[in-house]
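In the working numbering, the protein residues as written are 624 to 887. Cβ coordinates follow ideal geometry from the N, Cα and C atoms, glycine included.
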Ligand SMILES: Nc1ncnc2c1ncn2[C@@H]1O[C@H](COP(=O)(O)OP(=O)(O)OP(=O)(O)O)[C@@H](O)[C@H]1O
Ligand SMILES: [Mg+2]
């Protein structure tokens, strides 16, 4: 298994109350597998995803359980990793794309300068000309026209779909083994959404990466995932092959999500 979550519990603590956003979740993702994580708003999907990037920050904390990431060089216990070691993992072995790329891109800096910095973090030996070549190649792979012309532009000069493609290109430049895509297409119209899903499927094959694809939309998840995990109120209530979940859901909550999905 590439990634194993073992009985993971993440809680938020305030002075007055404590809330468990993730409750004893166990999940596994195999190499190059697409696992869909589906559940309604507030079910704990993003909190779970943030733990896979070492971004569980106060007032939240990992209360118990383990996250084990199996690299070719050995197993890493992500739950016990100090921040300086996270810097070797984040962006290199595990990457993330977000629902709204405006939040992830710096509005005050050009696409080119942000892209070159993302390359430099894990490939400091690459000279500028080669780094530019790599950025252009990645932008080309996500079907952006005239990628060279995009480098001097600012995020606000691009459409939402273009920004999302830039984010994907940046997230995948180091060919991570695992991509976490948290609602990557929710803000996009249906046509662009379909293109982004195609891009993810294409890149998954080319670089052999696994994807944790998060969405509240079972129809979208069903169109891309090999397996689906259904999250409800911090717990995984059902996991199975995509066709089994869609055609023969066992849990009442999964049935409810299916009824709510327009395409089924
Ligand atoms: N910073 C925070 N402080 C306190 N509670 C939080 C914080 N962030 C999230 N939560 C709580 O954790 C729970 C899970 O939130 P999370 O963001 O993971 O939901 P989600 O499934 O990603 O929802 P959505 O589909 O809307 O993105 C919610 O009950 C939320 O209120
Ligand atoms: Mg979320």
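Does at least one heavy atom of ligand 1 sit under 6 Å from the Cβ of residue 839?
Sequence index remark: in the chain shown, residue 839 carries index 216 (1-based). Yes, ligand 1 has a heavy atom inside 6 Å of this Cβ.
Decide yes or no for the touch test of the stretch 727–740 against the stretch 655–665: beta carbon pairs closer than 8 Å, at least 3 of them.
No, the stretch 727–740 does not touch the stretch 655–665.
Name the two residues that bound the continuous beta strand (DSSP E) containing residue 858.
Within the chain shown, numbered from 1, the residue matching residue 858 stands at position 235. Here the beta strand (DSSP E) through residue 858 covers 858–864.
Please check the pair residue 759 and residue 775, which I expect to be a contact at CB under 8 Å, by giving their CB distance rounded to whole angstroms.
Locating residue 759 in the chain shown gives position 136, where the first residue counts as 1. Locating residue 775 in the chain shown gives position 152, where the first residue counts as 1. So it is not a contact: roughly 12 Å between Cβ atoms.
Hey, could you find the ends of the beta strand (DSSP E) residue 637 is sitting in?
Position 14 of the chain shown holds residue 637. Taken as a continuous stretch (DSSP letters only), residue 637 belongs to no beta strand (DSSP E), as it is neither H nor E.
Residue 717 and residue 803 look like a contact to me (Cβ under 8 Å); what is the Cβ gap, rounded to whole Å?
Within the chain shown, the letter at position 94 stands for residue 717. Within the chain shown, the letter at position 180 stands for residue 803. 7 Å between Cβ atoms; contact.
I need the DSSP call for residue 761, collapsed to helix, strand or coil.
Translated into the one-based positions of the chain shown, residue 761 becomes position 138. Three-state DSSP puts residue 761 in a helix.
Hey, which residues come within less than 5 Å of ligand 1, measuring from Cβ to any heavy atom, in chain order?
After applying the 5 Å Cβ criterion, the set is 635, 644, 664, 665, 666, 667, 668, 669, 670 and 839.
So that I know if they touch, is there some Cβ in chain B lying closer than 7 Å to that of residue 883?
Absent here is chain B; the protein component of the structure consists of one chain.
Can residue 815 and residue 863 be called in contact, C-beta distance under 7 Å?
For the purposes of this step, residue 815 is taken as the residue at position 192 of the chain shown. For the purposes of this step, residue 863 is taken as the residue at position 240 of the chain shown. Cβ distance not < 7 Å, so residue 815 and residue 863 don't count as in contact.
At what residues does the beta strand (DSSP E) containing residue 740 begin and finish?
By 1-based counting over the chain shown, the position of residue 740 is 117. Segment 734–745 is the alpha helix (DSSP H) holding residue 740; no beta strand (DSSP E) there.
Just to check my reading of the structure: residue 607 and residue 654 have Cβ atoms closer than 8 Å, yes? What is that Cβ distance to the nearest angstrom?
Because the chain spans 624 through 887 in this model, residue 607 falls outside it and cannot be assessed.
Can you list, in chain order, the residues of its chain whose CB lies under 8 Å from that of residue 685, leaving out five sequence neighbours each side?
As a first step, residue 685 must be located in the chain shown, where it is residue number 62. Within the same chain, residue 685 has close Cβ partners 631, 632, 633, 674, 679 and 702.
Cα separation between residue 821 and residue 768?
Locating residue 821 in the chain shown gives position 198, where the first residue counts as 1. Locating residue 768 in the chain shown gives position 145, where the first residue counts as 1. Going from the Cα of residue 821 to the Cα of residue 768 covers about 16 Å.
Taking the CB atoms as reference points, tell me whether residue 773 and residue 754 lie closer together than 7 Å.
Position 150 of the chain shown, counting from 1, holds the residue named residue 773. Position 131 of the chain shown, counting from 1, holds the residue named residue 754. No, Cβ-Cβ distance for residue 773 and residue 754 is not below 7 Å.
Closer than 8 Å by C-beta to residue 704: which residues in its own chain qualify, once you throw out the five before and the five after it? Chain order, please.
Translated into the one-based positions of the chain shown, residue 704 becomes position 81. Answer for residue 704: 677 and 712, listed in chain order.
Considering only C-alpha positions, which residue in the set 866, 695 and 867 is nearest to residue 799?
The residue you call residue 799 lines up with position 176 of the chain shown. With distances taken between Cα atoms, residue 799 lies closest to 695.
For residue 839, count neighbouring Cβ atoms within 10 angstroms of its own Cβ and tell me buried if that reaches 16, exposed if not.
One-based indexing of the chain shown puts residue 839 at position 216. It is buried - the Cβ of residue 839 has at least 16 other Cβ atoms within 10 Å.
Reducing DSSP to helix, strand and coil, say where residue 852 ends up.
Translated into the one-based positions of the chain shown, residue 852 becomes position 229. Reduced to three states, the DSSP call for residue 852 is strand.
For residue 840, which three-state DSSP category applies?
Here residue 840 is taken as the residue at index 217 of the chain shown, counted from 1. If DSSP states are grouped into helix, strand and coil, residue 840 belongs with coil.
According to DSSP, what are the bridge partners of residue 671?
Indexing the chain shown from 1 puts residue 671 at position 48. Note: residue 671 sits in no beta bridge, so no partner.
On the DSSP letters alone, give me the boundaries of the alpha helix (DSSP H) that residue 748 sits inside.
Residue mapping note: residue 748 aligns to position 125 of the chain shown, counting from 1. Careful: residue 748 lies outside any alpha helix (DSSP H) and carries neither H nor E.
In chain order, what residues of the same chain lie with their CB nearer than 7 Å to the CB of residue 646, ignoring the 5 residues before and after it?
Sequence index remark: in the chain shown, residue 646 carries index 23 (1-based). Same-chain partners within the cutoff: 632, 857 and 858.
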